[in-house]
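Below is one structure, written out as structure tokens; the observations come after it.
Numbering (the working numbering), first residue to last: 881 to 1080.
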């Protein structure tokens, strides 16, 4: 297994670590979740760079890398949804999950027919918006669980309370739009891979 692929698998493992840290709902664990999230996000950049610079780009990596991003994003949003104070709408999480699972399934099915559906600009922008939303929500949680809270945090939190809702909604809308763009752009290749599967 290549170094880049090992880093990708490590990111998947870190996704579950972040998930359980968020659920602990304490200042220290939320802070740790923020730090590990940064490491996981950086690993997304690093594994791609290593794969290209060492000429070790693999079909597994092309599928697993965006799949690892999806696991990280879904782990965070599902954890957030379980915290009632954040008021994150379940329909937004459902839309994000539906889009990510649909695209991932299509990628795997295409790969089985030797078609590689690579990530594109809309998908990368979507991932950026998702990570920004997740990180801001984590910052809000970290401030919420900081104890004893200084006066400035107490005054700030009521204004921040509405942010998780709108951040998750924004992430969901961008995610769905990027999914539609992805399906339109890869429509021809998906049809070809499906036709090849039926002919076998």
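For every residue, glycine included, the Cβ atom is placed at its ideal position computed from N, Cα and C.
{"Query": "With a threshold of 16 other CB atoms inside 10 Å of the CB of residue 1039, please say whether the residue is buried or exposed.", "Result": "exposed"}
{"Query": "With a Cβ-Cβ cutoff of 8 Å, do residue 928 and residue 885 count as a contact?", "Result": "no"}
{"Query": "So, helix, strand or coil for residue 1044, using DSSP?", "Result": "helix"}
{"Query": "Label residue 1011 either buried or exposed according to how many other C-beta atoms from any shown protein chain fall within 10 Å of its C-beta, with 16 as the threshold for buried.", "Result": "buried"}
{"Query": "Ordered along the chain, which non-local residues of its own chain (more than five positions away) have a Cβ less than 7 Å from that of residue 951?", "Result": "892 and 895"}
{"Query": "Would residue 963 pass as a contact of residue 1034 if the rule is Cβ separation under 8 Å?", "Result": "no"}
{"Query": "Classify residue 937 as helix, strand or coil using the three-state DSSP reduction.", "Result": "coil"}
{"Query": "Residue 932: which of 989, 986 and 883 sits nearest, CA to CA?", "Result": "883"}
{"Query": "Would you list, in sequence order, the uninterrupted alpha helix (DSSP H) runs of no fewer than 4 residues that lie entirely inside the segment 886-961?", "Result": "907-933 and 939-961"}
{"Query": "Given a threshold of 16 other Cβ atoms within 10 Å of its Cβ, counted over all protein chains shown, does residue 939 qualify as buried or as exposed?", "Result": "exposed"}
{"Query": "Report the residue from 1064, 889, 1051 and 1024 whose alpha carbon sits nearest the alpha carbon of residue 977.", "Result": "1051"}
{"Query": "Can you tell which of 970, 985 and 1065 has the C-alpha that lies nearest to the C-alpha of residue 1049?", "Result": "970"}
{"Query": "Can you find at least 3 beta carbon pairs, one from the segment 979-987 and one from the segment 1055-1064, that sit closer than 8 Å?", "Result": "yes"}
{"Query": "Hey, would you say residue 917 sits closer than 8 Å to residue 1045, going by beta carbons?", "Result": "no"}
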